[in-house]
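I have placed the structure first, in the form of structure tokens, so that the comments after it can refer back to it.
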Amino acid sequence: FDDLGADGRPARLGIMGGTFDPIHIGHLACAEQAREAFELAAVVFIPAGNPVFKKDRAVTPAADRLEMCRLATRSNPAFDVSAIEIERGGDTYTVDTLRQLRAHYPDNVELRFITGADAVASIVAWRESAAIADLARLIAVTRPGYALSDERRALIEGRGNFAVDYLEITSLAVSSSDLRRRVAAGASIRYLTMQRVFDYIREKRLYRDDGEGGPR
Ligand code: ATP
Ligand code: MG
8 FDDLGADGRP ARLGIMGGTF DPIHIGHLAC AEQAREAFEL AAVVFIPAGN
58 PVFKKDRAVT PAADRLEMCR LATRSNPAFD VSAIEIERGG DTYTVDTLRQ
108 LRAHYPDNVE LRFITGADAV ASIVAWRESA AIADLARLIA VTRPGYALSD
158 ERRALIEGRG NFAVDYLEIT SLAVSSSDLR RRVAAGASIR YLTMQRVFDY
208 IREKRLYRDD GEGGPR
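The UniProt record's numbering numbers the first residue of the sequence shown as 8 and each following residue consecutively.
And the structure:
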């Protein structure tokens, strides 16, 4: 979306960060409903290079996660995928990404960082969370199992003066962890992600434990 804001008219760009290991219908519906609710010109999916919060497990190679994002979003002209976090290397910090995007786009482009109710709660732990607040408004979407209680909202808003919009979206209790577990156990993940992603996972034999399991 290099021409975003180039004609001088204000535009809003949604940013959907995540590990996307793998991308699933929860991510896609979340981005689509945020796009619609906040009249975002586009949503960019940005797979994390080396997620700081996921050091407890081996993350699938960035090239695979990136490719699955591309496959999943290809049919939506308002969706795009960026490799900026992957190309930057090192640990992934959202603030660096937002700074890069801010420098790339003209001032009339507003950045909106989309995040699920679970991830928004960890913002307080992010490096330079106050700087993030200056660079983008947040869109906090509902996610089954993670209540956005009044106390949690107060906590989020109290630290770093975040401007947050809350959005109730269709409840999809889908997670990448569940998809990985299912594949490892030989259970089906069909319809939990896009068909092209499903095919990719099968072809590349991703998430298999012992070579015997895999999506059916
Ligand atoms: P994992 O189980 O590995 O943590 P995940 O499903 O949580 O994977 P992430 O890549 O961690 O996926 O999440 C990226 C972003 O998408 C986060 O902001 C997260 O809150 C949001 N998200 C993921 N799944 C859903 C869902 N089902 N509903 C709403 N938001 C979601
Ligand atoms: Mg997660």
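Glycine included, each C-beta is placed from N, C-alpha and C at the ideal position. A quick note: this is a predicted structure, and the numbers were derived from the prediction, not measured.
Residues M75, C76, A79, T200, V204 of the same chain have their beta carbon placed closer than 7 Å to that of I30, with the five preceding and five following residues left out of the count. At the C-beta level, F8 and A48 come within 9 Å of one another. Within the region 72 to 151, the complete beta strand (DSSP E) segments of 3 residues or longer fall at 86 to 88, 116 to 123, 144 to 148, listed in chain order.
In the DSSP secondary-structure assignment, I22 is bridged to V51, F120.
When only Cα atoms are considered, F45 and Y173 end up about 11 Å apart. The region 16 to 25 makes contact with the region 115 to 123: 3 or more CB pairs, one atom from each, lie closer than 8 Å. Counting of Cβ neighbours within 10 angstroms places E94 among the exposed residues, the total staying below 16.
Spatial neighbours of R42 in its own chain (CB-CB distance under 7 Å, excluding positions within 5 residues in sequence) are listed in chain order as G21, V50, A85.
Under a 10 Å Cβ-count criterion, P68 is classified as exposed, with fewer than 16 other Cβ atoms of the shown protein chains found around its own Cβ. Per DSSP, D10 lies in no alpha helix (DSSP H) and is assigned neither H nor E.
In the DSSP assignment, Y153 forms a beta bridge with R150.
A Cβ-Cβ contact shorter than 9 Å links I146 with T122. No Cβ-Cβ contact shorter than 9 Å links I163 with T101. Residue pairing for L174: DSSP places it in a beta bridge opposite V148. In the same chain as F27, and ignoring 5 residues on each side of it, the C-beta atoms closer than 6 Å to its own belong to P54, R72, C76, in chain order. Rounded to whole angstroms, the Cβ separation of V181 and G33 is 4 Å, and the two are in contact under 8 Å. When secondary structure is reduced to three states using DSSP, R212 falls in the coil class, being assigned neither helix nor strand. Beta-bridge pairing by DSSP links T200 to R197. By the Cβ-count criterion, R187 is buried, with 16 or more other Cβ atoms from all chains shown falling within 10 Å of its own Cβ. Under a 10 Å Cβ-count criterion, Y198 is classified as exposed, with fewer than 16 other Cβ atoms of the shown protein chains found around its own Cβ. Secondary structure of E46 (DSSP, three-state): coil.
Taking the C-beta atoms as reference points, T149 is found no nearer than 9 Å to G24.
D185 carries a helical assignment under DSSP once its states are collapsed to helix, strand and coil.
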